[in-house]
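In our numbering, the protein residues as written are 18 to 353.
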């Protein structure tokens with residue numbers, strides 16, 4: 018059996034079954050956005066890592082080193098945001114092809130520093146190695162959260178509403194522009210979707226505002242695409258879900274570029290990936306309070322896009338015409 022047959026998440030599950038369970042210090046191990054650990058103080062320690070690999074995550078000639086530095090840290094910050102946490106310390110490991118200039122590495126760290134300072138993070142170390150097969154930027158990030166503010170993937174319950182911050186599919190539109198220079202959208206639209214792809218904004222303040230209310234029952238960041246990521250909440254919470262296609266928030270920029278590219282905006286909203294918005298669940302009576310809390314803290318809109326159902330209901334997409342079809346986990350998977 019090859020890993021392409023079981024996919025990224027099948028492989029993660031297989032590895033998790035091979036490892037011994039953590040001790041009392043491990044609150045949450047493999048299976049959520051970050052590991053949650055008991056430290057000596059009153060707060061939980063959060064630990065996460067994510068990698069940017071040339072050819073798999075980025076093309077070196079389509080992203081500046083400054084943008085790459087910012088993005089490499091931002092995607093890890095997004096994981097901390099999904100737990101309602103506060104990021105603290107980062108370590109950066111680099112795999113460097115020998116032909117890369119010192120100026121490139123300098124600019125990469127200018128981007129890393131800018132993203133770190135904006136999030137209140139201190140870069141405290143890392144590692145370097147020669148990499149003859151391409152550039153690698155690997156980030157390990159530590160954060161913290163008060164136990165009463167911790168939000169996991171596993172708390173969604175039937176009847177909960179599914180909510181998302183911001184808009185969906187902008188990063189997919191940005192990727193389409195990078196790969197097809199013949200597309201000529203409105204300049205402002207082009208700039209906004211390219212920024213969504215190359216320098217995403219982790220929803221740290223939004224995640225903390227959601228967590229402070231104590232009203233959210235589950236939360237995840239949208240890295241692989243809504244259709245795939247909501248499935249992770251369903252798995253951990255042992256529930257089903259109904260997503261309302263007509264309610265998915267999409268930007269005019271994304272809609273214009275999808276039309277130019279001959280793509281369905283719904284496809285990008287569901288499976289484009291790299292949105293780094295927050296998807297969370299809450300009882301219906303808590304929705305307005307959550308919207309208000311996020312809006313007052315950040316100005317970011319929150320949209321209801323579905324509802325949690327019993328597991329027997331499966332995972333369903335309700336199309337604009339009311340027809341129900343299976344919600345396929347068609348987001349990013351490294352091995353499929």
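Glycine included, every Cβ here is placed at the ideal spot set by N, Cα and C.
In whole angstroms, what separates the C-alpha of residue i from that of residue j?
| i | j | result |
| --- | --- | --- |
| residue 155 | residue 66 | 7 Å |
| residue 106 | residue 164 | 19 Å |
| residue 284 | residue 187 | 12 Å |
| residue 53 | residue 34 | 18 Å |
| residue 103 | residue 220 | 11 Å |
| residue 327 | residue 239 | 23 Å |
| residue 56 | residue 341 | 46 Å |
| residue 95 | residue 175 | 26 Å |
| residue 133 | residue 182 | 22 Å |
| residue 304 | residue 227 | 11 Å |
| residue 295 | residue 99 | 6 Å |
| residue 323 | residue 243 | 11 Å |
| residue 40 | residue 47 | 13 Å |
| residue 232 | residue 317 | 18 Å |
| residue 218 | residue 209 | 12 Å |
| residue 354 | residue 160 | Past the edges of the chain, shown from 18 to 353, lies residue 354, and the structure says nothing about it. |
| residue 12 | residue 313 | It is not possible to answer for residue 12, since the shown part of the chain is limited to 18 through 353. |
| residue 207 | residue 192 | 10 Å |
| residue 215 | residue 271 | 15 Å |
| residue 79 | residue 58 | 44 Å |
| residue 38 | residue 75 | 35 Å |
| residue 260 | residue 234 | 17 Å |
| residue 162 | residue 139 | 17 Å |
Considering only residues of the same chain and omitting the five flanking positions on each side of residue i, which have a CB-CB separation below 6 Å?
| i | result |
| --- | --- |
| residue 72 | 151 |
| residue 180 | 297, 319 and 321 |
| residue 82 | 121, 124 and 125 |
| residue 286 | 185, 186, 265 and 267 |
| residue 110 | 143, 144 and 155 |
| residue 301 | 178 |
| residue 190 | 210, 271 and 274 |
Grouping DSSP H, G and I as helix and E and B as strand, with all else coil, what is residue i?
| i | result |
| --- | --- |
| residue 317 | coil |
| residue 266 | coil |
| residue 180 | strand |
| residue 257 | strand |
| residue 242 | coil |
State the beta-bridge partners of residue i as determined by DSSP.
| i | result |
| --- | --- |
| residue 329 | Answer is none; residue 329 lacks a bridge partner. |
| residue 341 | 335 |
| residue 25 | Beta-bridge pairing links residue 25 to no other residue. |
| residue 20 | Paired residues: none, contrary to the question. |
| residue 248 | According to DSSP, which records beta bridges pairwise, residue 248 is partnered with nothing at all. |
Tell me which residues share the same chain as residue i and place their Cβ nearer than 7 Å to its Cβ, disregarding the 5 neighbours each side in the sequence.
| i | result |
| --- | --- |
| residue 147 | 113 and 115 |
| residue 251 | 257, 258 and 332 |
| residue 127 | 83 and 86 |
| residue 51 | 63, 64, 65, 96, 97 and 100 |
| residue 44 | 53, 54, 55 and 61 |
| residue 262 | 283, 334, 335, 336 and 337 |
| residue 249 | 170 and 237 |
In chain order, what residues of the same chain have a beta carbon less than 8 Å from the beta carbon of residue i, not counting five sequence neighbours either side?
| i | result |
| --- | --- |
| residue 229 | 101, 166 and 310 |
| residue 137 | 103, 104 and 105 |
| residue 277 | 200, 201 and 202 |
| residue 273 | 202, 203 and 206 |
Cβ of residue i less than 8 Å from any chain B Cβ?
| i | result |
| --- | --- |
| residue 231 | Annotation note: the requested chain B is absent from the structure, which comprises a single protein chain. |
(request) For the segment 274 to 304, list the beta strand (DSSP E) runs that are entirely contained and at least 3 residues long, ordered along the chain. (result) 295 to 299
(request) Could you tell me which uninterrupted beta strand (DSSP E) segments, each at least 3 residues in length, are contained entirely in the segment 29 to 106, listed from first to last along the chain? (result) 43 to 45, 52 to 55 and 61 to 70
(message) Report the start-end ranges of each alpha helix (DSSP H) in the segment 182 to 240 that is 4 residues or longer and not cut off at the edges.
(response) 187 to 196, 204 to 215 and 221 to 230
(request) Jot down the residue ranges of each uninterrupted beta strand (DSSP E) in the segment 105 to 177, minimum 3 residues, whole runs only, in chain order. (result) 139 to 147 and 153 to 162
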